[in-house]
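Here's the structure we're looking at; comments come further down.
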Amino acid sequence: MTAETAKDDWPLEDRGVAYGDGLFETVLVRDGRPLLWEQHLARLARGCGVLGIPLPAREALEAPLVEAGEGLSVLKLILTRGSGGRGYALPIPSDPQLRWRLSPFAPSAQRWRQGVRVRHCRLRLGIQPMLAGLKHLNRLENVLARAEWTDADTAEGLLCDSEGRLVEATCMNLVWQRDGKLETPRLDRCGVAGTLRSVLLERAPIHEVDAFPSALDGVEALWLGNSLQGLWPVARLDDAAGTPIRHWTIGPAHRRLQALAHAALGYPPVT
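Residue numbers (the UniProt record's numbering): 1 to 271.
Below you can see the structure in the form of structure tokens.
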């Protein structure tokens, strides 16, 4: 069920390889149907507009789905500007290249039920409003942040920007409940605006806020989520050295938002 471009079809001079000049989407596919597809297409279109890369036709983006079988899989789409240009100068015209892969997928149901342990990261995200929200190919910050821990018990790391504001986890978005109110970090400086986050903002009274890590000291519930894994409740938060600083008991408040997120992805409610 996997389709890949051969190595000799991805030249070293491709700007996606050389400069991270491109975008990608990872889409949950259930029985051949892409979930949150309109949200993924909208984010890809925004990214193409910012980078000045022509958006492929919808038919081209949906063509890989004919290879999807029954059950769950992940479609990864990678769009680069193609090759050409001298140094960083853009090729005119550009010749965008679209590549894709389908892979079998199974979410972590245990993490849905029991919650997860997460930690703060030392790495700070650079602030670049022009790229904020986009899922571009330049992900070295996330790679370096994920290298800060190796223990299997830690599920994710929380990232702040260079001015100390909470932004996201290495590959998930953050939501918390504070004084009965749902909040999520504002993503107008950096970070990836996830498609599940987008749906939750439409369907739940979630407020986008500027917040520093100290804000988590008083929250009643904390979640991490993305369009593949759904929503994980956080049971324990560690500092960047791995020392526990907060614990939460998973309760009804966690389950209510989790149920809303999972309904959007076709995942069962968790009790």
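Virtual Cβ for every residue (Gly too), placed ideally from N, Cα, C.
| query | result |
| --- | --- |
| Reduced DSSP secondary structure (H/G/I, E/B, other) of V199 | helix |
| Cα-Cα separation, L131 to C48 | 11 Å |
| Helix, strand or coil at V192 [DSSP, three-state] | strand |
| Opposing strand residues paired with I206 [DSSP bridges] | L182 |
| Within 8 Å, strictly: CB atoms of L144 and L123 | yes |
| At least 3 beta-carbon pairs within less than 8 Å: the segment 86 to 100 vs the segment 210 to 221 | no |
| Closest Cα partner of P11 within the set V219, G84, A42 | G84 |
| For L65, the nearest candidate out of R101, A42, T154, L41 (CA to CA) | R101 |
| Beta-carbon proximity check, A264 vs L201, cutoff 8 Å | no |
| Status (buried if at least 16 other CB within 10 Å, exposed otherwise) for E13 | exposed |
| Close beta carbons around R178, own chain, < 8 Å, minus the five adjacent residues each side | A215, G218, V219, E220 |
| Contact the segment 236 to 256 vs the segment 108 to 122: 3+ CB pairs below 8 Å | yes |
| Alpha-carbon to alpha-carbon, D31 and G69 | 6 Å |
| Among W232, H254, A240, R256, nearest to A109 - alpha-carbon criterion | W232 |
| Secondary structure of W100, DSSP reduced to three states | strand |
| Beta-carbon proximity list for G242, same chain, < 8 Å, skipping 5 on both sides | R119, W149, D151, T154 |
| Proximal residues to L35 (C-beta, below 8 Å), its chain only, five neighbours per side dropped | V27, L28, V29, S227, A264, L265, G266 |
| Whole-number beta carbon distance between L125 and residue 276, since they are thought to touch under 8 Å | One cannot answer for residue 276 here, as it falls past the ends of the chain, which runs 1 to 271. |
| Contact check, G133 vs G52, beta carbons under 8 Å | no |
| Contacts around P91, its chain only, beta-carbon distance under 6 Å, and the 5 residues preceding and following it disregarded | G84, G85 |
| Proximity below 8 Å, CB of H207 to CB of L224 | no |
| Through-space distance from L257 to R203, alpha-carbon basis | 10 Å |
| N- and C-terminal bounds of the beta strand (DSSP E) containing G225 | 221 to 226 |
| Rounded straight-line distance, which links the Cα of T271 to that of L79 | 39 Å |
| Integer-rounded CB distance, given that G20 should sit under 8 Å from H136 | 7 Å |
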